[in-house]
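Below is one structure; the comments refer to it alone.
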Amino acid sequence: RGYAIQARVNMETIGKDGTPHPASGTLALYQPPGGPGIRTDGFGYSGYRTNTLYDSLLAKVIAHTSADDFPAAARRLSRALGEFQVAGLDTNIPFLRAILDHEDFGAARITTRWVDEHVAELAEAVASVQSSAPGAETDRDGFAGARVDSRDP
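Numbering-wise (our numbering), the sequence shown opens with residue 636 and increments by one.
Okay, structure coming up:
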């Protein structure tokens, strides 16, 4: 009863044409999500050095809901992926969230060809989110990290 959805978090980015691009580096931070209805199976740890000669799978994140509510399971998985903290290399998490957050996915209007047919739209959604992410403007204004305003209670 209910729904379970699995997302495979890979050490790669997805190009505008849908081509995966392997990522490598050393994990500076690896904090998988958890909580009710979330299970993460992974092997990462801070300090782990990746190698593009091997499988790019970093973790499997599974969201479950006992309710007969597929959109709720999709929202739970998207939220969990948003809480997954990885630093030191790129992952496909933004692409996975673009899929999960798309209205077609929540409405179960998808097929095995759906990603191929919507890859440009999904890539654009990823680019839009990344350019508006916290810290994205730090390159333009010359500051890194958060700014603290002592006048703000």
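Quick reminder that beta carbons are idealized off the backbone N, C-alpha and C, glycines included.
Cross-strand partners of residue i (DSSP beta bridge)
{"i": "Ile673", "result": "Ala698"}
{"i": "Val721", "result": "Tyr665"}
{"i": "Tyr638", "result": "Thr700"}
{"i": "Ile649", "result": "Pro655"}
Where residue i falls: helix, strand or coil (DSSP)
{"i": "Ile728", "result": "helix"}
{"i": "Arg744", "result": "coil"}
{"i": "His753", "result": "helix"}
{"i": "Leu693", "result": "strand"}
Status (buried if at least 16 other CB within 10 Å, exposed otherwise) for residue i
{"i": "Ser681", "result": "exposed"}
{"i": "Ala771", "result": "Confidence at Ala771 is low in this model, with a pLDDT of 44, below 50, so its placement is unreliable and the value that follows should be read with caution. Exposed: under 16 other Cβ atoms inside 10 Å."}
{"i": "Leu735", "result": "buried"}
{"i": "Phe740", "result": "buried"}
{"i": "Tyr638", "result": "buried"}
{"i": "Ala694", "result": "buried"}
{"i": "Ser691", "result": "buried"}
{"i": "Thr747", "result": "exposed"}
{"i": "Ser713", "result": "buried"}
{"i": "Asn686", "result": "exposed"}
- Count the C-beta pairs between the stretch 715-731 and the stretch 660-667 that are closer than 8 Å, then say yes if the count reaches three, no if not. Judged by pairs of C-beta atoms under 8 Å, the stretch 715-731 touches the stretch 660-667, as three or more such pairs exist.
- Message: Pairs of beta-carbons, one from the stretch 711-720 and one from the stretch 670-679, closer than 8 Å: are there three or more?
- Response: They touch, by the three-pair rule.
- Message: Using a Cβ distance threshold of 8 Å, determine whether the stretch 750-759 contacts the stretch 643-657, with at least three qualifying pairs required.
- Response: Verdict: yes, contact present.
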